[in-house]
Amino acid sequence: MLTILFDGIAYGMLLFILAVGLAVTMGLMNFINLAHGAFAMVGGYITVLLMQRLDVPFLLCLPLAFAGAALLGAVLERTLYRPLYGKPHLDQVLFSIGLVFMAVAAFDYFVGSTQQIVQLPAWLKGRTEIGSGAWTLGMGHYRLFIIAICAALTVGLQFILARTRFGSRLRASVDDQRVAAGMGINVNVVFLSTFAFGSGLAGLGGALGAEVLGLDPSFPLKFMIYFLIVVAVGGTSSITGPLLAALLLGIADVAGKYYIPKMGAFIVYSLMIVILIWRPQGLFVRRGGRA
Amino acid sequence: MSASQTSLRRSARIRPWEPVLWLLAFAAPVVLPSHAALVNEIAIVALFAVSLDLVLGYTGIVSLGHAAFFGIGAYTAALLAKHVNADPLLGLAAAAGVATLLGAAASLTIMRGSDLTRLMVTLGFALILLELANKLDWLTGGADGLQGVVMNPLLGRFEFDLGGRTAAFYSLTVLLVLFLLARRLVHSPFGATLKAIRDNRLRAMAIGIPVRSRLAVIYTVAAGVAGIAGALLAQTTGFASLDVFEFHRSADVMLVLVVGGAGWLYGGVAGAIVFKLMQDALSAVTPQYWTFWIGLFLVVLVLAGRERLLRPWTWWKRARP
Numbered sequence: 001m002l003t004i005l006f007d008g009i010a011y012g013m014l015l016f017i018l019a020v021g022l023a024v025t026m027g028l029m030n031f032i033n034l035a036h037g038a039f040a041m042v043g044g045y046i047t048v049l050l051m052q053r054l055d056v057p058f059l060l061c062l063p064l065a066f067a068g069a070a071l072l073g074a075v076l077e078r079t080l081y082r083p084l085y086g087k088p089h090l091d092q093v094l095f096s097i098g099l100v101f102m103a104v105a106a107f108d109y110f111v112g113s114t115q116q117i118v119q120l121p122a123w124l125k126g127r128t129e130i131g132s133g134a135w136t137l138g139m140g141h142y143r144l145f146i147i148a149i150c151a152a153l154t155v156g157l158q159f160i161l162a163r164t165r166f167g168s169r170l171r172a173s174v175d176d177q178r179v180a181a182g183m184g185i186n187v188n189v190v191f192l193s194t195f196a197f198g199s200g201l202a203g204l205g206g207a208l209g210a211e212v213l214g215l216d217p218s219f220p221l222k223f224m225i226y227f228l229i230v231v232a233v234g235g236t237s238s239i240t241g242p243l244l245a246a247l248l249l250g251i252a253d254v255a256g257k258y259y260i261p262k263m264g265a266f267i268v269y270s271l272m273i274v275i276l277i278w279r280p281q282g283l284f285v286r287r288g289g290r291a
Numbered sequence: 292m293s294a295s296q297t298s299l300r301r302s303a304r305i306r307p308w309e310p311v312l313w314l315l316a317f318a319a320p321v322v323l324p325s326h327a328a329l330v331n332e333i334a335i336v337a338l339f340a341v342s343l344d345l346v347l348g349y350t351g352i353v354s355l356g357h358a359a360f361f362g363i364g365a366y367t368a369a370l371l372a373k374h375v376n377a378d379p380l381l382g383l384a385a386a387a388g389v390a391t392l393l394g395a396a397a398s399l400t401i402m403r404g405s406d407l408t409r410l411m412v413t414l415g416f417a418l419i420l421l422e423l424a425n426k427l428d429w430l431t432g433g434a435d436g437l438q439g440v441v442m443n444p445l446l447g448r449f450e451f452d453l454g455g456r457t458a459a460f461y462s463l464t465v466l467l468v469l470f471l472l473a474r475r476l477v478h479s480p481f482g483a484t485l486k487a488i489r490d491n492r493l494r495a496m497a498i499g500i501p502v503r504s505r506l507a508v509i510y511t512v513a514a515g516v517a518g519i520a521g522a523l524l525a526q527t528t529g530f531a532s533l534d535v536f537e538f539h540r541s542a543d544v545m546l547v548l549v550v551g552g553a554g555w556l557y558g559g560v561a562g563a564i565v566f567k568l569m570q571d572a573l574s575a576v577t578p579q580y581w582t583f584w585i586g587l588f589l590v591v592l593v594l595a596g597r598e599r600l601l602r603p604w605t606w607w608k609r610a611r612p
């Protein structure tokens, strides 16, 4: 039972890394970006291809996946996304679905549709067990590694948002773009770097998740709903909202699939709908914030 | 008659080109018998898009899960034909009934929240049905789908042939009937209140329009129409599979509607024609990767502006501020 809880937490943490960038673009910048999963897929494929073709070690691949996805995010933000910030949500949805379709077909064309396998280094493959009987806690080392990275990232992100100059600039730009620009903040640069950083995190998540979630060209479509749930349920006023939502989702999903495999993803979707009807702005939302 | 009544009447009048268009549509399966199956598909997609237009174009509800109702209609018709009675019209009625009930239940979920919440809830709704259809394999055949749905002759007389000519006429007729009904609906005072809700919900509330019940009614009606479209697909192809619930169905129909222009019932029809012909041509060239071109088309469509893409002569004019 504890093992399931542990796996659920690891899964949730992974979802959090994947989705937190989306929480920023969708929640703060108010842009419905369904193509977020495509950045994650880019990160995943960077890792897989570097490891397979060039024998780059796994740990080195992670920052490269981050950098690659962030660079792509920056380029796309500058060229394609920026004109759409003020457009209706329907346009943004159509645009990002279009990007997803393109990404899926392009990766299918260039890399092939087979599922890719990540060869983890030996020290991440092991598994530690503590306790016995119903309370056995089996911890895969790789999942521990994911949890550690995610915890570090969460603390780091919270620090950046709450304590640094960039964080306060971002919050200001998000709350009122015009006033922020009037105060001498370069809103475009703030948004560009935020978007790139979010895409980079997605890429990192994709690289980390390739082993757990599986990586094939349908990745952006398959996991789109999960990212969206994290953001929609978590609310977007803080880092903790999406984190808690991701953990909830991860645990519910793993436990549901373990105990009632017949129901599959049914539980997660129902949970989301109930929560969203109950609290349409998300579970953890700042009172008095923008709707 | 007041000026507003006159203008409402005028917009509801049938234009001379409309009967011509429908005559052309009905002539198509006869003139091009080899493309009757394509005409059938276009009619079905058009009906589905008209249904989405009722909620998206006229009422402004952004839905990413319209396939839920399409799929439930398809499965209802297929199951009914397989196990109970293979009469096509009975199947249509049953599918419409089930989809309407489901729509009424689902309409409770779209009342609250922002666009994002609605996107998520509708998407989740379709995914729940997809999971159900996948897991209840004793009933739905699971991932293999329901095969071998054989229909009785239409009205006891017209056999469904392999070339799909009966199917094409059948779908076109259903499309025409429902199109006229939808047209009647959106040009009624009820339709005018829908547009008021779409344009400004707060103001609509302030002038006494019961927003919630209007949303519920139109969502339910649209669900019924989508269910009929799904039933047509199952009946004319003799097949229902998980594919009818999948996300790309919802995305495709949204694309169809937006290509043709939302908030204008012919938009769905025009979009369906363009989309299906494009799909047909592209998948003949690149069978596996045609979604790439659809995606590119979507991106260009949005970046160039939905209205401007359809009017190329405005490209070099400056956009209105």
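If you're matching them up, the sequences are chains R and A in order.
Under the numbering used here, the first residue of the first sequence is numbered 1, with each subsequent residue one higher.
Under the numbering used here, the first residue of the second sequence is numbered 292, with each subsequent residue one higher.
The beta carbon of each residue, even a glycine, is placed where N, CA and C say it ideally should be.
Being a predicted model, the structure only gives us computed values, none of them experimental.
Sub-8 Å separation of residue i and residue j beta-carbons
i              : j              : result
G8 (chain R)   : G214 (chain R) : no
Y45 (chain R)  : F107 (chain R) : yes
K426 (chain A) : K262 (chain R) : yes
I97 (chain R)  : M411 (chain A) : no
A397 (chain A) : F536 (chain A) : no
A520 (chain A) : L393 (chain A) : no
V544 (chain A) : A386 (chain A) : no
F219 (chain R) : A40 (chain R)  : yes
L62 (chain R)  : L208 (chain R) : yes
V477 (chain A) : L556 (chain A) : yes
R566 (chain A) : V591 (chain A) : According to the sequence shown, residue 566 (chain A) is Phe rather than Arg. For F566 (chain A) and V591 (chain A), no; Cβs fall outside 8 Å.
G205 (chain R) : L5 (chain R)   : no
A365 (chain A) : N443 (chain A) : no
L80 (chain R)  : S199 (chain R) : no
F583 (chain A) : F101 (chain R) : yes
I273 (chain R) : T400 (chain A) : yes
V20 (chain R)  : L157 (chain R) : yes
E211 (chain R) : L90 (chain R)  : no
V155 (chain R) : L170 (chain R) : no
F284 (chain R) : G256 (chain R) : no
L22 (chain R)  : F197 (chain R) : no
Rounded separation between residue i and residue j - CA only
i              : j              : result
L271 (chain R) : A74 (chain R)  : 34 Å
V389 (chain A) : S479 (chain A) : 26 Å
L201 (chain R) : N33 (chain R)  : 15 Å
A327 (chain A) : N188 (chain R) : 53 Å
W278 (chain R) : A232 (chain R) : 12 Å
R304 (chain A) : L469 (chain A) : 17 Å
A67 (chain R)  : L59 (chain R)  : 13 Å
F481 (chain A) : A473 (chain A) : 11 Å
A459 (chain A) : T391 (chain A) : 24 Å
V593 (chain A) : L2 (chain R)   : 48 Å
I292 (chain R) : L144 (chain R) : Outside the shown range of chain R (1 to 291) lies residue 292 (chain R), about which nothing can therefore be said.
A291 (chain R) : P280 (chain R) : Here A291 (chain R) scores only 39 on pLDDT, less than 50, and its place in the model is too uncertain to base an answer on.
D176 (chain R) : A563 (chain A) : 41 Å
I146 (chain R) : D55 (chain R)  : 22 Å
Residues near residue i by beta carbon distance below 6 Å, same chain, minus five either side
i              : result
G348 (chain A) : A553, G554
G167 (chain R) : I160, L161
E77 (chain R)  : L192, F195
Cβ separation of residue i and residue j, assumed to be a contact under 8 Å, to the nearest whole Å
i              : j              : result
L99 (chain R)  : G586 (chain A) : 7 Å
R540 (chain A) : F361 (chain A) : 6 Å
L370 (chain A) : A513 (chain A) : The pair is not a contact, with the Cβ atoms about 22 Å apart (cut-off 8 Å).
S173 (chain R) : I185 (chain R) : 6 Å
L418 (chain A) : I149 (chain R) : Their Cβ separation, rounded to whole angstroms, is 29 Å, which puts L418 (chain A) and I149 (chain R) out of contact at 8 Å.
T47 (chain R)  : A65 (chain R)  : 5 Å
G203 (chain R) : G282 (chain R) : Going by Cβ atoms, the distance from G203 (chain R) to G282 (chain R) rounds to 25 Å, so no, they are not a contact pair.
D406 (chain A) : V353 (chain A) : 5 Å
A252 (chain R) : I267 (chain R) : 6 Å
Own chain partners of residue i with C-beta closer than 7 Å, once the 5 adjacent residues on each side are dropped
i              : result
S462 (chain A) : N331, A334, I335, L523, T527
L153 (chain R) : I17
A517 (chain A) : F339, S342, H357, F360, F361, G364, A390
G138 (chain R) : T3, R127, E129
Close beta carbons around residue i, own chain, < 8 Å, minus the five adjacent residues each side
i              : result
I488 (chain A) : T350, G351, A495, I500, V502, R505, L506
V441 (chain A) : A372, A377, G529
Subject >> Interface positions of the segment 539 to 550 of chain A facing chain R (Cβ-Cβ less than 9 Å), listed along the chain >> reply: H539, A542, M545, L546, V549
**OP:** Quick one: which residues of the segment 395 to 428 of chain A get their C-beta closer than 8 Å to a C-beta of chain R? List them in chain order.
**Re:** L399, T400, R403, G404, S405, D406, L407, T408, L410, M411, V412, L414, G415, F416, L418, I419, E422, L423, N425, K426
Original post:
Got a sec: which bits of the segment 29 to 53 of chain R sit with their beta carbon under 8 Å from any beta carbon on chain B, in order along the chain?
Top reply: The structure shown contains no chain B; its protein chains are R and A.
Original post:
Along the segment 262 to 284 of chain R, what residues have a CB closer than 8 Å to any CB found in chain A?
Top reply: K262, M263, G264, A265, F266, Y269, S270, M272, I273, L276, I277, P280, Q281
Original post:
Going along the segment 578 to 590 of chain A in order, which residues come within less than 9 Å of chain R, judged by CB to CB distance?
Top reply: Q579, Y580, W581, T582, F583, W584, I585, G586, L587, F588, L589, V590
**OP:** Note down, in chain order, all residues in the segment 97 to 112 of chain R with a beta-carbon under 9 Å from any beta-carbon belonging to chain A.
**Re:** I97, G98, L99, V100, F101, M102, A103, V104, A105, A106, D108, Y109
Original post:
If contact means a Cβ-Cβ distance below 9 Å, which residues of the segment 201 to 233 of chain R contact chain A?
Top reply: L221, M224, I225, L228, I229, V231, A232, V233
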